[in-house]
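Right, one structure below, let's go through it.
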Amino acid sequence: MKKVALITGSSRGIGAATALRLASEGYNICVNFLKNKKIAEKVVTKISVLGSKAIAIQADVSAEEDVKRLFKAIDREMGQLDVLVNNAGILLPQTRVESMTAERINRILTTNVTGYFLCSREAVKRMSTKHGGTGGVIINVSSAAARIGSGGEYVDYAASKGAIDTFTIGLANEIAAEKIRVNGVRPGFIYTAIHADGGEPDRVDRIKHQLPLLRGGQPEEVAAAIAWLVSDESSYTTGAFIEVSGGR
Ligand code: NAP
């Protein structure tokens with residue numbers, strides 16, 4: 000029987016590339032999205048062509064009831080969950096800390112941090128040997144911003160990713176004996192639409208010359224790192240991070 004993976008925020012960008020990569024490795028996939036049903040359904044169609052089962056479920060990962068509904072749909076339609084990739088994340092237009100409102104900061108934190116906690120909570124309830132499960136893997140998509148801090152751009156976003164790094168280490172320790180591995184990837188400067196949300200669609204092209212590898216990254220290159228952390232090839236790795244950021 001095929002294993003089941005949920006990738007949050009997989010209608011496009013890094014999430015969609017990860018959904019397709021894991022499908023090509025034989026996983027059945029739950030594609031999660033917030034608003035873009037049409038492009039989420041396109042990802043589902045591509046997965047079907049690869050020979051795996053896929054469903055697309057709308058759910059806001061920052062909303063507790065939505066998260067519960069998302070996992071119940073997986074229980075019902077896909078069966079036992081084996082892999083969670085916490086990927087859904089947002090950033091907001093570049094600004095300095097002195098201009099940030101509480102509303103903005105909380106919006107970033109509820110999606111990028113609370114969302115990862117809520118989805119992990121539901122995954123642990125299903126995967127942990129303590130709860131009758133058979134184990135699993137959780138991957139947290141963090142960011143190079145957690146190390147760099149993103150001063151002058153979006154310190155709120157960078158700080159949310161710093162929280163995810165701490166969360167990854169703590170959760171990995173908490174559930175290692177229950178057959179669940181938890182690891183993180185730190186992408187940086189990847190060609191996706193997220194940079195338009197920051198007010199600078201061509202941000203990667205502006206920065207690429209400053210990177211040791213002298214280019215931006217593709218979502219598929221992040222998906223490849225995630226796929227390794229999901230696979231048994233990384234069976235002795237937990238609480239660890241892979242940098243996918245062009246050497247910076
Ligand atoms: P993206 O292209 O903007 O895609 C974001 C995805 O998340 C979409 O599928 C979107 O769904 C979904 N989403 C947004 N808010 C959501 C919510 N509240 N609930 C459920 N889904 C939600 O982003 P990306 O660049 O691929 O980024 C993916 C992850 O990588 C994020 O965690 C980001 O912080 C991280 N990252 C990206 C880069 C980079 O350079 N791109 C660098 C470092 C880290 P809809 O399509 O329905 O809106």
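Residue 29 in numbering that gives the first Met the number 0 is what sits at position 30 of the sequence shown, and the numbering runs on without skipping anything. Backbone N, C-alpha and C define an ideal beta-carbon position, used for all residues, glycine too. In this text, all values refer to a predicted model and were calculated from it rather than measured experimentally.
Residue range of the alpha helix (DSSP H) that residue i falls in?
| i | result |
| --- | --- |
| Ile168 | Val154 to Ile174 |
| Asn86 | Where Asn86 is concerned, there is no enclosing alpha helix (DSSP H), given that its DSSP letter is neither H nor E. |
| Gly114 | Gly114 to Met126 |
| Ala39 | Lys36 to Val48 |
| Asn105 | Ala101 to Leu108 |
| Arg146 | Ala144 to Ile147 |
Find the nearest neighbour of residue i within the set the options, judged by alpha-carbon distance.
| i | options | result |
| --- | --- | --- |
| Asp74 | Ala22, Asn27, Ser9 and Ala87 | Asn27 |
| Glu220 | Gly8, Thr17 and Ser9 | Thr17 |
| Glu152 | Thr110, Thr113 and Arg95 | Arg95 |
| Ser141 | Asn86, Gly150, Glu199 and Asp231 | Asn86 |
| Lys207 | Gly245, Ala158, Val184 and Ala226 | Gly245 |
| Ser98 | Ala58, Gly150, Gly238 and Ala72 | Gly150 |
| Ala39 | Gly14, Ile54, Ser10 and Ser23 | Ser10 |
| Val84 | Cys118, Thr165, Ser47 and Ala143 | Cys118 |
| Gly161 | Asn111, Ser127 and Asn105 | Asn111 |
| Ala222 | Ala22, Val3, Lys2 and Val123 | Ala22 |
| Lys129 | Leu212, Gly148, Ala175 and Ala144 | Ala175 |
| Gln217 | Phe188, Gly197 and Tyr235 | Phe188 |
| Gly132 | Gly8, Asp81 and Arg106 | Asp81 |
| Ala157 | Phe116, Glu199, Leu91 and Val203 | Leu91 |
| Thr236 | Arg202, Arg247, Thr100 and Lys178 | Lys178 |
| Ile107 | Tyr190, Arg20, Arg205 and Asp196 | Asp196 |
| Lys34 | Arg20, Thr7 and Ser47 | Thr7 |
| Gly238 | Arg214, His194, Ala144 and Glu173 | Glu173 |
| Arg62 | Asn105, Glu76, Gly134 and Met77 | Residue identity differs from the one stated: residue 62 is Ala in this sequence, not Arg. Closest by alpha carbon: Asn105. |
| Gly114 | Arg103, Ser127 and Ile89 | Ile89 |
| Phe116 | Ser159, Glu76 and Met0 | Ser159 |
| Lys41 | Glu64, Tyr190 and Ala15 | Ala15 |
| Lys2 | Arg20, Met77 and Ala72 | Met77 |
If you check the beta carbons only, do residue i and residue j fall under 8 Å apart?
| i | j | result |
| --- | --- | --- |
| Glu121 | Val66 | yes |
| Asn31 | Leu5 | yes |
| Thr12 | Ser51 | The question names Thr, but residue 12 is Gly in the sequence shown. No, the Cβ-Cβ distance between Gly12 and Ser51 is not below 8 Å. |
| Arg180 | Val136 | yes |
| Arg146 | Gln79 | no |
| Glu242 | Arg185 | yes |
| Asn139 | Ile163 | yes |
| Val43 | Ala58 | no |
| Cys29 | Ile46 | no |
| Glu93 | Gly198 | Per the sequence shown, the amino acid found at residue 93 is Gln instead of Glu. Against a cut-off of 8 Å, the Cβ pair of Gly198 and Gln93 comes out as a contact. |
| Arg247 | Ala143 | yes |
Does DSSP put residue i in a helix, in a strand, or in coil?
| i | result |
| --- | --- |
| Phe188 | coil |
| Arg247 | coil |
| Gly216 | strand |
| Gly197 | coil |
| Leu210 | coil |
| Leu80 | coil |
| Ala223 | helix |
| Leu5 | strand |
| Ala53 | strand |
| Arg180 | strand |
| Asp59 | coil |
| Ser98 | helix |
| Ser230 | coil |
Residue i lies in the beta strand (DSSP E); which residues open and close that run?
| i | result |
| --- | --- |
| Ile241 | Phe240 to Val243 |
| Gly12 | Careful: Gly12 lies outside any beta strand (DSSP E), inside the alpha helix (DSSP H) at Gly12 to Ser23. |
| Val136 | Gly135 to Val140 |
| Val30 | Asn27 to Phe32 |
Cβ pair count under 8 Å reaching 3, the stretch 225-235 against the stretch 166-175: no
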